[in-house]
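Read through the structure below, which is laid out as structure tokens, and then see the notes.
2 protein chains.
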Amino acid sequence: MGAALKRDLPQAHRSDEDALAALLNLVGGDMEACNDTILARMDSPVTLIPELATHIIAAGGKRLRPLLTLATSRLCGYPGDRGGKRHIQLAACVEFIHTATLLHDDVVDASDLRRGSASANAVFGSKAAVLVGDFLFARAFQLMVEDGSQEVLAILSRAAATIAEGEVLQLTTQNDLSTSEANYLNVVEGKTAALFAAACEVSGVVAECSARLTRALGNFGRSLGIAFQLVDDALDYAADQNTLGKVVGDDFREGKITLPVLIAHAGADETERRFWQRTVERLEQKPDDLRQALALIEKHHAIERTLDRAAQFAHSAKRALSEFPESELREALWNAADYTVCRAR
Amino acid sequence: MGAALKRDLPQAHRSDEDALAALLNLVGGDMEACNDTILARMDSPVTLIPELATHIIAAGGKRLRPLLTLATSRLCGYPGDRGGKRHIQLAACVEFIHTATLLHDDVVDASDLRRGSASANAVFGSKAAVLVGDFLFARAFQLMVEDGSQEVLAILSRAAATIAEGEVLQLTTQNDLSTSEANYLNVVEGKTAALFAAACEVSGVVAECSARLTRALGNFGRSLGIAFQLVDDALDYAADQNTLGKVVGDDFREGKITLPVLIAHAGADETERRFWQRTVERLEQKPDDLRQALALIEKHHAIERTLDRAAQFAHSAKRALSEFPESELREALWNAADYTVCRAR
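If you read the protein sequences in the order shown, they are chains A and B.
According to the working numbering, the stretch in the first sequence is residues 87 to 431, in order.
According to the working numbering, the stretch in the second sequence is residues 87 to 431, in order.
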């Protein structure tokens, strides 16, 4: 990432939050109600469960996925005058699925940091993190069962299976520089975009939209999710740790194959290829290797090109929204798609 | 466990299998159909998933839980002449939930053996075991969603949450000799009996039994599950590793608090109490400690007394069945309850 790009980060990051703040504003008290549901439903007589869950859920995070459920529901006119609460319960369900996968991700990656704080596995041990993840996953299913819609259940249970498939696929591409960009995108679609898509698609069901509009919501979520993950993967080679609560170089240290590395490797000369093989495939890393990796990423414009791809997906997301009539909410969702990418520019 | 008890094991174990064989016989081709469903539904384009799942699912195991679903369905007259297949799909669902918890258990316990063979985490790594467990869990939910019954969904999703609660509770009692027998039973009810109960209770729903009979099925499964786990915990201090594919002393080495230890500790003199504190609470174990633990377990008749408790629960299980009219199937389920305990006598 160029120095200019880096200088721009703090402001872009603020804009990102502005876009989300506008969305939050438009969903009124729904996010507060969703937070109440989350707190109430993560409770258990087994006190370690709410203790650990509070650590990861209540400690923050942007609540991006439940926000999408709440906002797209309203975009479709739900609950309108009927005062329904289904979107709130489903938003909580989506956040529980997300949190369960975060807990298991951190165990799998042996990460010590999450959102700038100690991860749950670092504080409570990886055993507890695995099992509380299972609890939250099961609780998510209870929430969707309570909704009672067969269609909602099909969407969310399929998404849960797809997420797990994406995570396993990611494991098999790890340390493998021959991973194709298509397979990398399969990983991203599974581990990230499937839940974004489901979070939006259920709104169409709850609001009794047409099949066409419900599909459009799913496409919006899927494209937005891919854009979001591409930016995340770019930030792993660029982010300011203090600003974003992310450790730069985590993916590099684990030998995770992401688009910035694939781009830099595709354009590499013989010496550079040997560098990537040693560091990312064989994980033989020396103290100065991350700096060298960042230099190669910059040399091949790998961040900019990753962000360009992200911008294409953000564009697709916006196009999917064009099926809906103009409204403040559509505008805010549109901006959220833009700022997903801008947070890194 | 006394020498006489140990000598009896091989034959008792055969009887156990005879009881299950009789049940298998009575469910006709249903178990084969269930196995076909299991194999078909654990498939995925992400090849590591069927590879790992085959390792744990196809490698055997008694299929006790799905067998209970199949047998109790028939006990209730399902499918009768209607040729329904719901019990087969739900039996597969139950086995998937069980397998997912096994995968996560082995990661949490860092076990290298499962059913006498290398565990999935030992062969494929614990990352893959966590994530494939998540996949099987999600796939189980897809299977139950396809069933379409709101009542079935409520029973199985509640069971999944209860299992996770039981597992977390077990984690908090680990290395804690002040655990009460009541709390130990809470762990057993959660981690084992909840799924046994759900596996039977769904049959009542599918067969459209009365609420009273459906509850009786749940009680049968719950009591049987508790008996089963108590015997399992007894065998951990008594089993012949070659016969049962279980490593003797696993629970001891991990400092897991089970009834045999609670009984031996309750009757311990000062020296013995210090032994348990050092080995099970502080996990400071020396090569000869397992032998000493087994001697103390025998001195306090802790195996026999654990099996007596198991027999009480097996009796409750049989009593729950008395709500049903006499039939070959009721007899076979009755015998299965008896032999659950006899396998260790």
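We put the CB at the ideal spot given by N, CA and C, even for glycine.
Predicted model only: the values in this text are computed from it and were never measured.
1. With a threshold of 8 Å between beta carbons, is residue 239 of chain A in contact with chain B?
2. Any Cβ of chain B within less than 8 Å of the Cβ of residue 172 of chain A?
3. DSSP on residue 370 of chain B, reduced to helix/strand/coil?
4. Please report how far the alpha carbon of residue 238 of chain A lies from the alpha carbon of residue 313 of chain A, in whole angstroms.
5. Between residue 222 of chain A and the rest of its own chain, which residues show a CB-CB distance below 6 Å, the 5 nearest in sequence each way excluded?
6. Residue 314 of chain B lies in the alpha helix (DSSP H); which residues open and close that run?
7. If contact means a Cβ-Cβ distance below 9 Å, which residues of the segment 208-222 of chain B contact chain A?
8. Is residue 327 of chain A close to chain B? Criterion is C-beta to C-beta, closer than 8 Å.
9. If we call anything under 8 Å between Cβ atoms a contact, is residue 132 of chain A one with residue 254 of chain B?
10. Residues in its own chain within less than 7 Å of residue 290 of chain B by CB, not counting five upstream and five downstream?
11. Just by C-beta distance, which residues in the segment 379-394 of chain B are closer than 8 Å to chain A?
12. Rounding to the nearest angstrom, what Cα-Cα distance links residue 349 of chain A and residue 272 of chain A in this structure?
13. Could you run through the segment 234-266 of chain B and flag, in chain order, every residue whose CB is less than 7 Å away from some CB of chain A?
14. Can you check which of these residues, B/318, B/263 and B/357, is closest to residue 366 of chain B by C-alpha distance?
15. My understanding is that residue 386 of chain B touches residue 341 of chain B, with C-beta atoms under 8 Å, so please give their C-beta distance in whole angstroms.
16. Given this structure, state the Cα-to-Cα distance separating residue 393 of chain B from residue 380 of chain B, to the nearest angstrom.
17. DSSP state of residue 220 of chain A, grouped into three classes?
18. So the alpha helix (DSSP H) residue 361 of chain B belongs to, where does it begin and stop?
19. Run down chain B in chain order and give the residues with a C-beta less than 8 Å from the C-beta of residue 190 of chain A.
20. Which residue wins for smallest C-alpha separation from residue 309 of chain A, given the options A/140, A/285 and A/261?
21. Could you tell me whether the segment 234-251 of chain A touches the segment 202-210 of chain A, where touching means 3 or more Cβ pairs closer than 8 Å?
22. Cα separation between residue 328 of chain B and residue 156 of chain B?
23. Going by alpha carbons, who is nearest to residue 292 of chain B out of B/127, B/177 and B/112?
24. Taking the alpha-carbon positions, what's the residue 175 of chain A to residue 374 of chain A distance?
25. Tell me whether the beta-carbon of residue 422 of chain A lies closer than 8 Å to the beta-carbon of residue 134 of chain A.
26. Around the C-beta of residue 372 of chain B, are 16 or more other C-beta atoms found within 10 angstroms, so that it is buried, or is it exposed?
27. Just to make sure I have the definition right: I need the residues of chain A whose C-beta is within less than 7 Å of the C-beta of residue 130 of chain B. Which are they?
28. Name the residues in the segment 130-145 of chain A whose C-beta lies less than 7 Å from a C-beta of chain B; which are they?
29. With a 10 Å radius around its C-beta and 16 neighbouring C-beta atoms as the bar for buried, classify residue 168 of chain B as buried or exposed.
30. In angstroms with no decimal places, state the Cα-to-Cα distance between residue 139 of chain B and residue 120 of chain A.
31. What's the C-alpha gap between residue 391 of chain A and residue 233 of chain A?
32. Using a C-beta to C-beta distance shorter than 9 Å, which residues of chain A count as neighbours of residue 339 of chain B?
33. Under 8 Å Cβ-Cβ, which residues of chain B neighbour residue 225 of chain A?
34. If we call anything under 8 Å between Cβ atoms a contact, is residue 214 of chain B one with residue 192 of chain B?
35. Quick check on residue 152 of chain A: does DSSP put it in helix, strand or coil?
This is what the structure holds:
1. Counting from 1 along the first sequence, the entry for residue 239 of chain A is found at position 153. Among the CB atoms of chain B, one or more fall inside 8 Å of the CB of residue 239 of chain A.
2. Walking along the first sequence from the start, residue 172 of chain A turns up at place 86. Under the Cβ criterion of 8 Å, residue 172 of chain A is not counted among the residues facing chain B.
3. Here residue 370 of chain B refers to the residue found at position 284 of the second sequence. The three-state reading of DSSP puts residue 370 of chain B in coil, since its state is none of H, G, I, E or B.
4. Here residue 238 of chain A refers to the residue found at position 152 when the first sequence is read from its first residue. Here residue 313 of chain A refers to the residue found at position 227 when the first sequence is read from its first residue. Rounded to whole angstroms, residue 238 of chain A and residue 313 of chain A show a C-alpha spacing of 24 Å.
5. To locate residue 222 of chain A, count along the first sequence from 1; it is residue 136. Here the set comprises 182, 185 and 186.
6. Residue numbering aside, residue 314 of chain B sits at position 228 when the second sequence is read from its first letter. Here the alpha helix (DSSP H) through residue 314 of chain B covers 297-321.
7. So the list reads 211, 212, 213, 214, 216, 217, 218, 219, 220, 221 and 222, given in the order they occur along the chain.
8. Residue mapping note: residue 327 of chain A aligns to position 241 of the first sequence, counting from 1. In this predicted model, residue 327 of chain A has a pLDDT of only 48, less than 50, meaning its place in the structure is not dependable enough to derive any value.
9. For the purposes of this step, residue 132 of chain A is taken as the residue at position 46 of the first sequence. For the purposes of this step, residue 254 of chain B is taken as the residue at position 168 of the second sequence. Yes, these two residues count as a Cβ contact at 8 Å.
10. Indexing the second sequence from 1 puts residue 290 of chain B at position 204. Only 162, 299, 300 and 303 meet the Cβ criterion.
11. Residues passing the 8 Å Cβ filter: none.
12. The sequence position of residue 349 of chain A within the first sequence is 263, counting from 1. The sequence position of residue 272 of chain A within the first sequence is 186, counting from 1. Straight-line Cα distance between these residues: approximately 17 Å.
13. Those would be 234, 236, 239, 240, 243, 244, 246, 247, 250, 251, 253, 254, 255, 257 and 258, in chain order.
14. Looking up residue 366 of chain B in the second sequence gives position 280. It is B/263.
15. The sequence position of residue 386 of chain B within the second sequence is 300, counting from 1. The sequence position of residue 341 of chain B within the second sequence is 255, counting from 1. Actually they do not touch by this definition, with Cβ atoms about 18 Å apart.
16. Within the second sequence, the letter at position 307 stands for residue 393 of chain B. Within the second sequence, the letter at position 294 stands for residue 380 of chain B. Approximately 16 Å between the Cα atoms of the pair.
17. Residue numbering aside, residue 220 of chain A sits at position 134 when the first sequence is read from its first letter. The answer is helix: DSSP assigns residue 220 of chain A an H, G or I state.
18. Working through the second sequence from its first residue, we reach residue 361 of chain B at position 275. Looking at the DSSP string, the run of the alpha helix (DSSP H) that includes residue 361 of chain B is 356-362.
19. Sequence index remark: in the first sequence, residue 190 of chain A carries index 104 (1-based). Neighbours of residue 190 of chain A in chain B, taken as residues whose beta carbon is under 8 Å from its own, are 216, 217 and 220 in chain order.
20. By one-based count along the first sequence, residue 309 of chain A stands at place 223. Minimum Cα distance to residue 309 of chain A is reached at A/285.
21. A contact between stretches requires three or more CB pairs, one per stretch, nearer than 8 Å, and the segment 234-251 of chain A fails this requirement with the segment 202-210 of chain A.
22. To locate residue 328 of chain B, count along the second sequence from 1; it is residue 242. To locate residue 156 of chain B, count along the second sequence from 1; it is residue 70. Low per-residue confidence applies at residue 328 of chain B: pLDDT is 49, beneath 50, and the placement is therefore not dependable enough to give any value.
23. Counting from 1 along the second sequence, the entry for residue 292 of chain B is found at position 206. The residue with the shortest Cα to Cα distance from residue 292 of chain B is B/177.
24. For this step, residue 175 of chain A is matched to residue 89 along the first sequence. For this step, residue 374 of chain A is matched to residue 288 along the first sequence. Rounded to whole angstroms, residue 175 of chain A and residue 374 of chain A show a C-alpha spacing of 48 Å.
25. Translated into positions along the first sequence, residue 422 of chain A becomes position 336. Translated into positions along the first sequence, residue 134 of chain A becomes position 48. No. Outside cutoff.
26. Here residue 372 of chain B corresponds to residue number 286 of the second sequence, with the count starting at 1. Per the 10 Å Cβ criterion, exposed.
27. Translated into positions along the second sequence, residue 130 of chain B becomes position 44. Those are 251, listed as they occur along chain A.
28. If the cut-off is 7 Å between Cβ atoms, the segment 130-145 of chain A has 130, 132, 134 and 135 near chain B.
29. If you number the second sequence from 1, residue 168 of chain B lands on position 82. Its Cβ having fewer than 16 others within 10 Å, residue 168 of chain B is exposed.
30. Position 53 of the second sequence holds residue 139 of chain B. Position 34 of the first sequence holds residue 120 of chain A. Those two C-alpha atoms are separated by around 36 Å.
31. Along the first sequence, one-based indexing puts residue 391 of chain A at 305. Along the first sequence, one-based indexing puts residue 233 of chain A at 147. So the alpha carbons of these two residues sit roughly 42 Å apart.
32. For this step, residue 339 of chain B is matched to residue 253 along the second sequence. Neighbours of residue 339 of chain B in chain A, taken as residues at a C-beta separation under 9 Å, are lacking, since the least C-beta distance is about 15 Å.
33. To locate residue 225 of chain A, count along the first sequence from 1; it is residue 139. Per Cβ cutoff of 8 Å: 247.
34. Taking the second sequence and counting its residues from 1, the one referred to as residue 214 of chain B is at position 128. Taking the second sequence and counting its residues from 1, the one referred to as residue 192 of chain B is at position 106. Not in contact: residue 214 of chain B and residue 192 of chain B (Cβ atoms no closer than 8 Å).
35. The residue given as residue 152 of chain A occupies position 66 in the first sequence. Residue 152 of chain A: helix per DSSP, three-state reduction.
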